[in-house]
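Asks: Dropping the structure in here first, questions after.
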Amino acid sequence: MKAIYALGNSKTVFLFQSIGIEAFLVTNEKAFNEKLKELTNAKIIIVAETLAPFLSDSQKYEKETYPIILFLPMEGKESGLGLEQLKKDVEKAIGIALLRW
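Residue numbers 42 to 142, in my numbering, belong to the letters of the sequence shown in order.
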């Protein structure tokens, strides 16, 4: 199995397959959380920002080293959630805030 996966709620998630990332289409909260549980070997999971509210066990993923969950805008609408989470993760990893905007 691969170490990087992408989850999205529209067919745009399949664009990740063109660069070798296995992609899954999930349309509801139950399917999203079930797929996350299946991806036990994942190192990085790329998730559409629109699916962020479905992440029911976020505390678990914050404490673990892997998987790293990256939220990206896949629907053309950027909420800033992905960049804000990346900023927090970098600060947590190295102890200082490098990213400022």
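All C-beta atoms, glycine included, are put in the ideal place defined by N, C-alpha and C. A quick note: this is a predicted structure, and the numbers were derived from the prediction, not measured.
1. Exposed or buried, what is Y107 when buried is set at 16 or more other beta-carbons lying within 10 Å of its beta-carbon?
2. If you scan the stretch 61-94 from start to end, which runs of the beta strand (DSSP E) of 3 or more residues do you find wholly inside it?
3. Tell me, please, which residues DSSP counts as bridged to L111.
4. Could you check what DSSP says for L48 in three-state terms: helix, strand or coil?
5. In whole angstroms, what is the alpha-carbon distance linking E63 and F95?
6. Can you check whether the CB of F65 is closer than 8 Å to the CB of L92?
Replies: According to the structure shown:
1. exposed
2. 63-66 and 85-89
3. I87
4. strand
5. 20 Å
6. no
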